[in-house]
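These notes concern the structure reproduced below.
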Amino acid sequence: MPCGFRLRIRRTRARVGPEDPEGVRVVAKITLTDGRSVDASSPEGRHVLRHSTSHVMAQAVSSLFPGAKYAIGPAIEDGFYYDFDIGRPFTPEDLDAIDAKMREIIAEQQKFEHEALTRDEGLKRFADQPFKVEIIKGVEESEGGGESVSVFRNDGWEDLCLGPHLEHTGLIPAFKLMRVAGAYWRGDEHNPMLQRIYGTAWESQEALEQHLQMLEEAERRDHRKLGRELDLYSWADEVGPGLALWHPKGALVRKTLEDLSREMHLQFGYQPVFSPHLGRSTLWEVSGHLGYYRENMFPAMEADDGGEYIAKPMNCPFHILIYRSRTRSYRDLPIRLSELGTVYRYERSGTLHGLLRARGLTQDDSHIFCRPDQVVDELLGVIEFFRALYATVGMGPDRVRFSTRPDKSVGSDELWDLAQEAIPEALRRAGIDFTVDEGDGTFYGPKIDIDVRDAIGRYWQVATIQVDFNLPERFGLEYTDEDNVHKRPVMIHRALYGSMERFVGVLVEHYAGAFPTWLAPVQTVIVPIADRHAEHAAGLAEQLRAHGVRVDIDDSRETMQLKVRNAELQKAPYILVVGDKEIENATVAVRARGMGKARFGVPFDEFAGVHQGGPPREGLLPV
RNA sequence: GCCGGAGUAGCUCAGUGGCAGAGCUUUCGAUUCGUAAUCGAAGGGUCGGGGGUUCGAAUCCCCCCUCCGGCUCCA
Numbered sequence: 001m002p003c004g005f006r007l008r009i010r011r012t013r014a015r016v017g018p019e020d021p022e023g024v025r026v027v028a029k030i031t032l033t034d035g036r037s038v039d040a041s042s043p044e045g046r047h048v049l050r051h052s053t054s055h056v057m058a059q060a061v062s063s064l065f066p067g068a069k070y071a072i073g074p075a076i077e078d079g080f081y082y083d084f085d086i087g088r089p090f091t092p093e094d095l096d097a098i099d100a101k102m103r104e105i106i107a108e109q110q111k112f113e114h115e116a117l118t119r120d121e122g123l124k125r126f127a128d129q130p131f132k133v134e135i136i137k138g139v140e141e142s143e144g145g146g147e148s149v150s151v152f153r154n155d156g157w158e159d160l161c162l163g164p165h166l167e168h169t170g171l172i173p174a175f176k177l178m179r180v181a182g183a184y185w186r187g188d189e190h191n192p193m194l195q196r197i198y199g200t201a202w203e204s205q206e207a208l209e210q211h212l213q214m215l216e217e218a219e220r221r222d223h224r225k226l227g228r229e230l231d232l233y234s235w236a237d238e239v240g241p242g243l244a245l246w247h248p249k250g251a252l253v254r255k256t257l258e259d260l261s262r263e264m265h266l267q268f269g270y271q272p273v274f275s276p277h278l279g280r281s282t283l284w285e286v287s288g289h290l291g292y293y294r295e296n297m298f299p300a301m302e303a304d305d306g307g308e309y310i311a312k313p314m315n316c317p318f319h320i321l322i323y324r325s326r327t328r329s330y331r332d333l334p335i336r337l338s339e340l341g342t343v344y345r346y347e348r349s350g351t352l353h354g355l356l357r358a359r360g361l362t363q364d365d366s367h368i369f370c371r372p373d374q375v376v377d378e379l380l381g382v383i384e385f386f387r388a389l390y391a392t393v394g395m396g397p398d399r400v401r402f403s404t405r406p407d408k409s410v411g412s413d414e415l416w417d418l419a420q421e422a423i424p425e426a427l428r429r430a431g432i433d434f435t436v437d438e439g440d441g442t443f444y445g446p447k448i449d450i451d452v453r454d455a456i457g458r459y460w461q462v463a464t465i466q467v468d469f470n471l472p473e474r475f476g477l478e479y480t481d482e483d484n485v486h487k488r489p490v491m492i493h494r495a496l497y498g499s500m501e502r503f504v505g506v507l508v509e510h511y512a513g514a515f516p517t518w519l520a521p522v523q524t525v526i527v528p529i530a531d532r533h534a535e536h537a538a539g540l541a542e543q544l545r546a547h548g549v550r551v552d553i554d555d556s557r558e559t560m561q562l563k564v565r566n567a568e569l570q571k572a573p574y575i576l577v578v579g580d581k582e583i584e585n586a587t588v589a590v591r592a593r594g595m596g597k598a599r600f601g602v603p604f605d606e607f608a609g610v611h612q613g614g615p616p617r618e619g620l621l622p623v
């Protein structure tokens with residue numbers, strides 16, 4: 001899509017567990033079918049283990065469901081899956097039976113044996129397995145006619161497979177079947193849907209349990225659950241799916257991030273603009289969205305003036321029209337227009353996921369219009385900006401991907417070459433390691449995607465920087481160069497947070513709801529012990545507010561213990577308890593989050609002093 | 001959009017054909033408390049929505065909506 005960056009959700013599971021070489025544990029060696037011996041907990045060891053476990057699962061399914069068709073069953077991060085067609089979905093009882101059968105197969109220590117067949121033998125051998133037949137035929141075609149197909153067999157059950165495998169099934173120490181899900185054959189939604197069983201397998205029971213604990217931890221951090229518990233945001237049927245309501249506390253977190261973003265955009269030479277939420281359908285025809293992006297747009301609304309208006313799925317056309325509102329000189333460039341622009345995208349219903357995939361979202365969206373010779377510097381500037389912003393927020397970049405020209409693309413070779421040289425050069429000059437995804441760029445230009453890693457090791461894509469040759473063309477953008485010739489500017493789209501929704505969602509999961517003080521919606525809760533202390537507490541609150549601290553007083557007629565508990569559950573960074581002693585000595589009893597106990601007799605001025613000029617961005621008052 | 005699961009009070013959940021429940025939250029009353037839950041009472045429900053079966057439906061059937069886990073998509 002022209003100018004369309006869609007922020008991709010990557011909820012890659014964390015790599016936790018004893019894979020870390022720091023663990024220095026003695027790891028069991030496992031022997032593979034190719035005779036080699038590898039550490040069970042090494043990436044390769046785990047990969048083979050999981051792959052073999054998927055075979056055992058398919059073997060169990062075949063034995064329990066005669067006639068089952070099996071498709072593919074690879075190892076994946078943290079586990080494995082296998083796709084089947086048994087003519088109906090699997091039930092939880094089926095899973096129990098499969099699990100039990102697998103344990104039998106493992107107990108029997110069946111040897112995995114390799115065999116090479118000719119294609120014709122393979123086709124004969126798997127004649128009743130249509131998916132395997134298709135794979136064999138595919139191998140034939142793509143390999144220019146592979147001479148043989150590889151098969152692995154244990155105890156009479158065999159599967160098309162390159163291997164290697166464990167020496168025998170008894171080398172599977174710990175596994176668990178996780179869930180069943182539908183999955184299209186070959187990932188194509190036009191193909192029939194198969195039943196996929198996901199499982200996880202580890203080199204030890206301990207490692208398996210550690211993994212399961214990690215999953216529980218992820219569940220505990222789920223931003224949808226924490227959003228409700230901390231009263232940050234919600235959704236309502238009456239509003240519609242994917243359209244969040246920001247409650248005061250969630251809005252405060254978001255506003256704090258937005259304020260930072262606006263401030264830094266000014267520092268980095270961007271000019272704020274505003275654009276409407278709607279535009280006539282003709283605008284979206286010119287931009288190409290109606291041609292390429294229609295299915296992601298809310299339907300048009302018809303107005304009495306005969307025009308059709310459409311809610312914007314992207315901000316770029318508006319910024320482009322601001323650029324085009326007058327003639328531009330080469331001296332004017334680069335022009336950097338920025339907006340926290342709220343867009344609406346009709347995402348398919350099954351793809352919505354809390355704040356992380358929404359239908360209404362606000363991008364920290366900017367468009368840079370520059371001369372071709374300015375592209376490297378502009379990219380560098382964006383990267384610097386990213387670093388400064390994320391240093392403040394306290395995250396990444398932890399993974400950077402450069403995606404190059406896909407097969408189908410617009411724009412001249414000259415421009416592509418320019419951009420594809422500019423991106424790696426800018427990344428190198430910035431000292432950033434990156435991987436290259438060949439052909440994964442957008443059709444209108446190459447891009448950089450940046451992921452950050454959260455507190456439990458998951459990667460999230462946040463920022464994206466995309467060079468665009470298409471929209472300047474479509475809208476006929478020009479500038480007058482020093483030789484008085486009209487030339488076409490290059491456009492760079494970029495979002496650093498990505499979207500406010502997504503970024504807040506990521507931060508909630510990253511911090512498990514315990515925001516650092518500068519982001520915490522309520523930074524300090526004051527708890528007067530008895531009614532007679534309420535007035536004093538109000539005075540303290542007043543002083544702290546004067547320091548810019550967000551303070552709440554809990555003057556409910558509850559016990560101090562309950563009020564402390566509630567403030568803890570709300571994950572307030574500081575709880576100040578005040579009673580007779582504190583009033584007498586002008587002190588407070590400070591309970592800093594996570595410390596588990598209070599520090600008594602802290603002079604109030606000392607506490608307030610820490611917050612001079614606003615609360616600290618990181619860290620808590622030492623206790 | 002597709003496959004599977006789920007939807008009962010604000011929240012977490014019990015209730016499988018016969019009077020709709022519990023804990024927390026909320027409100028009221030008492031308690032004025034020293035660091036993660038004081039005591040008591042009350043309120044609160046078209047059992048996601050609509051249709052059907054039945055003497056009788058939260059419970060069985062059909063359609064729809066929403067959420068959850070995947071797939072697909074994320075120009």
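Residue numbers for the first sequence follow our numbering, beginning at 1 and rising by one.
Just so you know, even glycine gets a beta-carbon here, dropped at the ideal spot from N, CA and C.
Computed from a predicted structure; not experimentally measured.
In this structure, S403 sits away from R494, with a CB-CB distance that is not shorter than 8 Å.
With a cutoff of 8 Å on beta-carbon distance, L569 and A589 are scored as not near each other.
F80 carries a strand assignment under DSSP once its states are collapsed to helix, strand and coil. DSSP places H165 outside both helix and strand once states are collapsed to three, so it counts as coil. Here the alpha carbon of T435 sits roughly 17 Å from the alpha carbon of V467. Cβ neighbours of R179 within its own chain (closer than 8 Å, five residues either side excluded): I197 and Y198. Scanning N566, C370 and R280 for the CA closest to the CA of D304 turns up R280.
The secondary-structure analysis by DSSP pairs A183 across a beta bridge with L194. In the structure shown, A201 falls within a strand segment according to DSSP collapsed to helix, strand and coil. Per DSSP, reduced to three states, the secondary structure at N154 is strand. The Cβ atoms of H319 and L337 lie closer than 8 Å to each other. For E115, there is no enclosing alpha helix (DSSP H); the residue is found in the beta strand (DSSP E) stretching over E113 to T118. Between the beta-carbon of R348 and that of P241 there is about 11 Å, and that puts the pair past the 8 Å contact cut.
Spatial neighbours of Q374 in its own chain (CB-CB distance under 6 Å, excluding positions within 5 residues in sequence) are listed in chain order as P334. Taking a 10 Å sphere around the C-beta of R46, we find 16 or more other C-beta atoms and assign the residue as buried. According to DSSP, Y459 shares a beta bridge with R453.
Straight through space, the alpha carbons of Q59 and E339 are spaced by roughly 56 Å.
Positions of the beta strand (DSSP E) runs, each at least 3 residues long and wholly inside the stretch 27–68, are given as 29–31 and 37–39 in order along the chain. Contact check between the stretch 441–459 and the stretch 400–415: three or more CB pairs, one atom from each, fall below 8 Å, which counts as touching. The C-beta of Q461 has 16 or more other C-beta atoms within 10 Å across all chains shown, which makes the residue buried.
Residue H536 holds the alpha-carbon nearest to the alpha-carbon of A586 among R557, R125 and H536. When the Cα atoms are used, A608 and R224 turn out to be separated by approximately 34 Å. In this structure, the alpha-carbon of L379 lies about 15 Å from that of D417.
Judged by beta-carbon spacing, D555 lies within the 8 Å limit of P528, meaning their Cβ atoms are closer than that value. Segment contact: the stretch 351–358 against the stretch 482–502, three or more CB-CB distances shorter than 8 Å; contact assigned. Annotated three-state conformation of V527 is strand, per DSSP.
One Cα belongs to W185, the other to D83, and the distance between them is close to 8 Å.
Of the candidates G601, N566 and G596, the residue whose Cα lies closest to the Cα of V578 is G601. If you look at Y293, you'll find it isn't in any beta strand (DSSP E); DSSP assigns it neither H nor E. With a beta-carbon spacing of about 7 Å, V452 and Y390 fall inside the 8 Å limit used to define contacts. Its chain contains W284 as the residues whose beta carbon lies nearer than 6 Å to that of L290, once the 5 sequence neighbours on both sides are disregarded; these appear in chain order. Taking the C-beta atoms as reference points, V239 is found nearer than 8 Å to L245.
Put simply, the backbone Cα of D96 is about 18 Å away from that of D85. When secondary structure is reduced to three states using DSSP, T404 falls in the coil class, being assigned neither helix nor strand. CA-to-CA, the gap between P313 and E295 works out to about 11 Å.
In this model, E167 and C161 are separated by some 15 Å (Cα to Cα).
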